[in-house]
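Worksheet: one structure, shown below.
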Amino acid sequence: MVDLIMTIKQRRQSLRSLWRLLGMAAVFVTILAGHGLAGAAASTSFKDRIVALEFDSATGTLLKATAKTLSQSNDQGQTWTRVALPPSAAKADVAAVAISAGDKRVLYIAGPGLGVFRTKDGGRSWTAANQGLPNRRVVALTTHADQADTVYAYVTGKGIFRSQDAGARWRLMDRGPREKILHFVHSNMPGSMETGWLFAATSEGVRRSMDCFCGWHKAGELVGKVESVAYDPDEPQRVYAGTAKGLFVSADGGEQWTSMKSPASVITALTAAPSGVLYAGANGSLFLSRDRGETWEKVDA
Amino acid sequence: MHSIPLGVVAGLLSVAALTHAAKPPPSSANQQRIGAGRLIYQQYCASCHGAKGEGKPGWQQRDAQGELPPPPHGPEGHTWKHADGMLYRIIRDGWRDPFNKTKRQTMPAYGQTLAPGEIRAVITYLKTLWTPEQRRIQREESRRQPFPPEAQ
Numbered sequence: 247m248v249d250l251i252m253t254i255k256q257r258r259q260s261l262r263s264l265w266r267l268l269g270m271a272a273v274f275v276t277i278l279a280g281h282g283l284a285g286a287a288a289s290t291s292f293k294d295r296i297v298a299l300e301f302d303s304a305t306g307t308l309l310k311a312t313a314k315t316l317s318q319s320n321d322q323g324q325t326w327t328r329v330a331l332p333p334s335a336a337k338a339d340v341a342a343v344a345i346s347a348g349d350k351r352v353l354y355i356a357g358p359g360l361g362v363f364r365t366k367d368g369g370r371s372w373t374a375a376n377q378g379l380p381n382r383r384v385v386a387l388t389t390h391a392d393q394a395d396t397v398y399a400y401v402t403g404k405g406i407f408r409s410q411d412a413g414a415r416w417r418l419m420d421r422g423p424r425e426k427i428l429h430f431v432h433s434n435m436p437g438s439m440e441t442g443w444l445f446a447a448t449s450e451g452v453r454r455s456m457d458c459f460c461g462w463h464k465a466g467e468l469v470g471k472v473e474s475v476a477y478d479p480d481e482p483q484r485v486y487a488g489t490a491k492g493l494f495v496s497a498d499g500g501e502q503w504t505s506m507k508s509p510a511s512v513i514t515a516l517t518a519a520p521s522g523v524l525y526a527g528a529n530g531s532l533f534l535s536r537d538r539g540e541t542w543e544k545v546d547a
Numbered sequence: 003m004h005s006i007p008l009g010v011v012a013g014l015l016s017v018a019a020l021t022h023a024a025k026p027p028p029s030s031a032n033q034q035r036i037g038a039g040r041l042i043y044q045q046y047c048a049s050c051h052g053a054k055g056e057g058k059p060g061w062q063q064r065d066a067q068g069e070l071p072p073p074p075h076g077p078e079g080h081t082w083k084h085a086d087g088m089l090y091r092i093i094r095d096g097w098r099d100p101f102n103k104t105k106r107q108t109m110p111a112y113g114q115t116l117a118p119g120e121i122r123a124v125i126t127y128l129k130t131l132w133t134p135e136q137r138r139i140q141r142e143e144s145r146r147q148p149f150p151p152e153a154q
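Each protein sequence line maps, in turn, to chains A and B. First residue of the first sequence? That's 247 in this note's numbering, and the numbers climb one at a time after it. First residue of the second sequence? That's 3 in this note's numbering, and the numbers climb one at a time after it.
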């Protein structure tokens, strides 16, 4: 009799435990579902986020990249034409776009997991250009301001690689600044020992190095995450920084920064064109300024 | 007697060739140039860059005047990253860091003090302070920017 009572008690306890478990599982599933929805919403906005802008001064073409698309415009962003991406871009995201100086008009894209690709025919055919890179985690890429075949790529955790033959072979130049590079540009601002400078938008301000890779230095006191840097091609000492707190400008090559009028609170991509034209990507929107950032207009929905 | 596979022999020969290629030519003319360069270095360069090319402490950071202290010339520095043509130009013409807050030259010009052959001799001496790999890379860089005709 006592055994029977004990067995019934044990079964009741087991049932209570089972209900508790089921309840916890239900809560867990609900949380997961909610997270999934939020994740889906976040991935939608991420998909449309402008990750890179590049202006080709020779042709007046503006290039705009999101993680999965590349488009070009010849009318300051009013109308766009899609540029076909290599099939590998379906599996990895684009993070950077750059176009070569000179007449060759070689277009490069890069991204973590994607590596570097180049096209010489406007995207009709792409060639992988990774020989000499340690892996394909390329998060930033820029072309030399004046040398047609010189390209720089930043590989996370490895450093900055340079190619002087349009991406055919790469060589490690240095480890880069201590801070993580998010975007960088080559500038022909005067005063370098070599041929120019590299300005890097990093997780903690802007960093600057001559292109001899003689050492990275802090460029001014701009603090916090900088998403993108650009410089005025007519006045290379004038450098712009797109941050999570809007736009900043330096008139002296990155020594002093001042806040400037920003079309949005968060700037995700930035490029400068001749005659004071500036383009700023703010998540999914593109803004244009024709007066060095004094006024802005939204040009792309 | 053990036979050594041909591939291993070829590999060893390749390594030997590469090692040899990484060193400056061991000609007597080159040795003379290195010796002359060492003397010129001690006379004109050592006071800033150190008797053994060790540079000034803290050379990687700007000082209070925004100046970059003289860097070392050995493997830890960046001299080896510059092509012959550029090293020659920097010694001849000097260089001023645009972010230097003083009016001083960051690197003084020696074009009025040293003859072209003497500048080349100093650079040839500096190459002895680098690793074989650094010499190899610098030689590649110098293909695009060799010594100017005046120093040939």
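Built from N, CA and C at the ideal position, the CB exists for glycine as well.
Q) Around the Cβ of lysine 103(B), are there at least 16 other Cβ atoms within 10 angstroms (buried) or fewer (exposed)? A) exposed
Q | Minimum Cβ-Cβ distance from glutamate 501(A) to chain B less than 8 Å | A | yes
Q) Would DSSP call aspartate 392(A) helix, strand or coil? A) coil
Q) If you count every other CB in all the chains shown that lies within 10 Å of the CB of cysteine 50(B), and 16 or more means buried, which is it? A) exposed
Q: Give the residues from the stretch 443-468 of chain A that approach chain B closer than 8 Å (Cβ to any Cβ), ordered along the chain.
A: Cys458, Phe459, Cys460, Gly461, His463
Q: Pull up the distance between the alpha-carbon of alanine 412(A) and that of lysine 337(A), whole angstroms please.
A: 24 Å
Q | Extent of the continuous beta strand (DSSP E) run through arginine 408(A) | A | 405-409
Q: Under 8 Å between beta-carbons, which chain A residues line up against glutamine 62(B)? List them in chain order, please.
A: Gly461
Q: State the Cα-Cα distance for the pair glutamine 502(A) and arginine 408(A), rounded to the nearest angstrom.
A: 29 Å
Q) What residues in its chain sit with their C-beta under 8 Å from that of aspartate 339(A), if we drop five residues either side in the sequence? A) Val297, Ala313, Lys314, Gly357, Pro358, Gly359, Leu360
Q) What are the partner residues of glutamate 300(A), as DSSP defines its beta bridges? A) Leu309(A)
Q) Helix, strand or coil: which one does DSSP assign to histidine 51(B)? A) helix
Q.
To be precise: take each residue of the stretch 76-101 of chain B, compare its Cβ to all Cβ atoms of chain A, and keep it if any distance is under 7 Å. Which residues remain?
A. His80, Lys83, His84, Met88, Ile92, Trp97, Pro100, Phe101
Q | Three-way DSSP call (helix, strand, coil) for leucine 483(A) in this model | A | Going by the sequence as given, residue 483(A) is glutamine instead of leucine. Strand at glutamine 483(A).
Q: Evaluate the contact criterion for the stretch 443-459 of chain A versus the stretch 44-62 of chain B: three or more CB pairs, one atom per stretch, below 8 Å.
A: no
(Q) Looking at the strands, I want to know which residues DSSP matches up with threonine 541(A). (A) In DSSP, threonine 541(A) forms no bridge with anything.
Q.
With the cut-off set at 8 Å, would you say alanine 510(A) and serine 535(A) are in Cβ contact?
A. no
Q.
Please classify glutamate 543(A) as buried or exposed, where buried requires at least 16 other C-beta atoms within 10 Å of its C-beta.
A. exposed
Q | C-alpha distance - glycine 57(B) paired with glutamine 33(B), whole-angstrom precision | A | 24 Å
Q) Roughly how many whole angstroms lie between the Cα atoms of aspartate 349(A) and phenylalanine 494(A)? A) 32 Å
Q.
Taking the alpha-carbon of glutamate 467(A) as reference, which of Arg454(A), Leu299(A), Ser433(A), Tyr354(A) has the nearest alpha-carbon?
A. Arg454(A)
**Q.** Through-space distance from valine 401(A) to alanine 271(A), alpha-carbon basis
**A.** Its pLDDT being 47, under 50, alanine 271(A) is placed unreliably in this model, and the value from its coordinates should be taken loosely. Each residue's alpha carbon lies about 42 Å from the other.
Q.
Could you check whether the Cβ of glycine 437(A) sits closer than 8 Å to any Cβ belonging to chain B?
A. yes
Q.
Quick check: the Cα distance between isoleucine 36(B) and arginine 145(B), rounded to an integer number of angstroms?
A. 21 Å
Q. CB-CB under 6 Å to isoleucine 345(A), same chain, minus the five flanking residues each way: which ones, in chain order?
A. Glu300, Asp302, Leu353
Q: Count the other C-beta atoms from every protein chain shown that fall within 10 angstroms of the C-beta of glutamine 318(A), then say buried if there are 16 or more, exposed otherwise.
A: buried
Q) What number of angstroms, rounded off, separates the C-alpha of alanine 48(B) from the C-alpha of alanine 111(B)? A) 15 Å
Q: Mind checking who histidine 463(A) pairs with in its DSSP beta bridge?
A: Arg454(A)
Q: May I have the straight-line CA-CA distance separating threonine 305(A) from proline 74(B), to the nearest angstrom?
A: 44 Å
Q) Taking the Cβ atom as the reference point for each residue, do glutamine 107(B) and arginine 94(B) lie within a distance shorter than 8 Å? A) no
Q: Check whether the stretch 425-436 of chain A touches the stretch 464-479 of chain A, taking contact to mean three or more Cβ pairs, one atom from each stretch, closer than 8 Å.
A: yes
Q. Hey, would you say aspartate 392(A) sits closer than 8 Å to alanine 465(A), going by beta carbons?
A. no
(Q) So for threonine 448(A), helix, strand or coil by DSSP? (A) strand
Q.
If you reduce the DSSP assignment to three classes, tell me which class tryptophan 97(B) lands in.
A. strand
**Q.** Whole-angstrom distance between isoleucine 355(A) and proline 549(A), CA atom to CA atom
**A.** As displayed, chain A neither begins before 247 nor continues past 547, which places residue 549(A) out of reach and without an answer.
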